[in-house]
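Mapping to the UniProt record's numbering: the sequence shown position 114 is 114, numbers consecutive.
Each residue gets a CB set at the ideal place from its N, CA and C atoms; glycine is no exception.
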Amino acid sequence: MNYILAIVKKLCSKRTLLFVFILLICNSILGQRYIFVSKTELKLFVIENSDTIFKCPIAVGKNYGNKTKAGDKKTPEGTFTICSIENSSCWKHDFKDGKGLRKGAYGPYFFRLKVPKFNSIGIHGTCLPESIGTRSSEGCIRLRNEDILILKQFVYIGMKCIIEEDNPDNTL
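Structure representation (structure tokens):
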């Protein structure tokens, strides 16, 4: 827990810190599991009973800031819930890189987040593992396929997901 608090204090705005603090209090009272996404550190954490039970590197939206419109290539910031767990192994996507539609673009699973005004934001695998650890997605949170398979063991519909505010300069 100390590690997460240190990251949160170092990288998050006061507003995000307040969200995390409230969820930590709820977590300690209710013992709930939740996801914390660090856009600055490019890591995803699963927290349960104030302990990190899983963490992995991620890719987030190519552009900094909070999502405001479709196509802005920004990852939304705030507290959301997982509203569906979908098999995405046959889904296709054109990354506009000249290679056309790619099957398996979202990896084996897509955990859809309930984000006001946006219905296509989620946590998913990838056919581009080299993109992990970079700002390269169109707004979703992208994991290596082996990590999305591990994460699937921990997620459930209704699970909270906190996505921190961007801090491109690593300053508060």
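Who does residue i pair with in a DSSP beta bridge?
i: S84; result: R112
i: F118; result: V115
i: I123; result: F111, I141
i: S136; result: Paired residue(s): none; S136 is not in a bridge.
i: Y34; result: I47, K160
i: L128; result: In DSSP, L128 forms no bridge with anything.
i: L101; result: D94
By the DSSP assignment, the beta strand (DSSP E) with residue i in it spans what residues?
i: D94; result: 92 to 94
If the criterion is Cβ atoms closer than 9 Å, does the pair residue i and residue j meet it?
i: V115; j: K160; result: no
i: Y34; j: D166; result: no
i: G133; j: K74; result: no
i: I141; j: I58; result: yes
i: F111; j: H124; result: yes
i: L113; j: G122; result: yes
i: V37; j: I85; result: no
i: I157; j: I82; result: yes
i: C56; j: K39; result: no
i: Y109; j: L151; result: yes
i: S137; j: G61; result: yes
i: E41; j: I163; result: no
Using CA coordinates, which residue listed in the options is at the minimum distance from residue i?
i: G104; options: G139, G122, T126; result: T126
i: L129; options: S120, F118, N119, R144; result: The question names Leu, but residue 129 in the sequence shown is Pro. Closest by alpha carbon: R144.
i: F80; options: K117, S88, R102, D72; result: K117
i: S120; options: D97, K69, I148, Q153; result: K69
i: L149; options: D51, G78, S88; result: S88
i: D72; options: E146, D147, R135; result: R135
Return yes when the C-beta of residue i is under 8 Å from any heavy atom of the ligand GTP, and no when it is not.
i: K117; result: Looking for the ligand GTP in the displayed structure turns up nothing, as the structure carries no ligands at all.
Beta strand (DSSP E) segments (min. 3 residues) lying fully within the region 40 to 80: 43 to 48, 51 to 57
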